[in-house]
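S.K.: Just passing along the structure, written as structure tokens.
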Amino acid sequence: MSDDALDRIEDLVALEPTKNAELADRWELAGGSEVHATLEGDLSEYYYRDEDSMIRATAAARERLRDAGRLAESDERAVEVSAFEAAVIEALPGPDERTQSVVATLQAVREAGRDPSVDEVRSALHRLESRGLARRERRLVPTFGLAIDPATLEIEIREE
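Residue numbering for the sequence shown follows my numbering, starting at 1 and increasing by one per position.
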């Protein structure tokens, strides 16, 4: 990967959450459409848009920077999630542990004192996966685990 691409990934991590205009200024591009083309073309696995359409870096972006020696293992990542999503994060196995089914996650969340439906847990898992916080593994059924070390997360609970 080129130094220019790594610089742009570094910007995604440093500036998140960010907007097209901020990246256009930083990358000296003509506007939002050029930013979008760059993100989709060269950096598609390294960013996602959150529910407010803000641009955020994925876990893969941080991993790429760590591999390139541009991000320390100890760098914390602030994430804003709902209280329920935080409970699901707590229930998931770590990145080096075996993933678990949606039903196993549901049971763990219930053991922690909540009573969600299986659909609520499944939806939360998919949201966390799209944000790069959870990983999905296909066995007989889809299974999930944390994509990154929870010690590197600074979880902020979003007011609902």
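Each residue gets a CB set at the ideal place from its N, CA and C atoms; glycine is no exception.
Fair warning: this is a prediction, and the values are worked out from it, not measured in the lab.
1. Could you give the first and the last residue of the continuous beta strand (DSSP E) run that contains Gly145?
2. Quick one: Cα of Arg127 to Cα of Gly31, how far?
3. By alpha-carbon positions, which one of Thr99, Glu129, Ala147 ends up nearest to Tyr48?
4. How many angstroms separate the CA atom of Glu156 from the CA atom of Leu65?
5. Going by CA-CA distance only, name the one from Ala86, Thr152, Arg62 that's closest to Arg158.
6. Between which two residues does the beta strand (DSSP E) harbouring Glu129 extend?
7. Measuring CA to CA, which of Glu10, Glu111, Pro116 is closest to Ala59?
8. Whether or not the region 91–108 and the region 2–18 are in contact is what I'm after, with contact meaning three or more pairs of Cβ atoms, one per stretch, closer than 8 Å; do they touch?
9. What do you reckon, are the CB atoms on Val121 and Val141 nearer than 7 Å?
10. Whole angstroms are fine: how far does the CA of Ala5 sit from the CA of Gly145?
11. Mind checking whether Ala124 and Val79 have CB atoms under 7 Å apart?
12. State the start and end residues of the unbroken beta strand (DSSP E) segment that holds Arg153.
13. I'd like to check one pair, Arg135 with Ala147: are the Cβ atoms closer than 7 Å?
14. Helix or strand or just coil, what does DSSP make of Glu90?
M.R.: On the basis of the coordinates in this document:
1. 142–146
2. Across the structure, Arg127 and Gly31 are spaced so that their CA atoms are roughly 29 Å apart.
3. Glu129
4. 24 Å
5. Ala86
6. No beta strand (DSSP E) holds Glu129; the alpha helix (DSSP H) holding it covers 118–130.
7. Glu10
8. Taking 8 Å as the limit for Cβ pairs, the verdict is that the region 91–108 does not touch the region 2–18.
9. no
10. Approximately 29 Å between the Cα atoms of the pair.
11. Val79 is positioned such that its CB atom lies no closer than 7 Å to that of Ala124.
12. For clarity, residue 153 is Leu in the given sequence; the question names Arg instead. That run of the beta strand (DSSP E) goes 153–157.
13. Taking 7 Å as the Cβ cut-off, Ala147 and Arg135 qualify as a contacting pair.
14. helix
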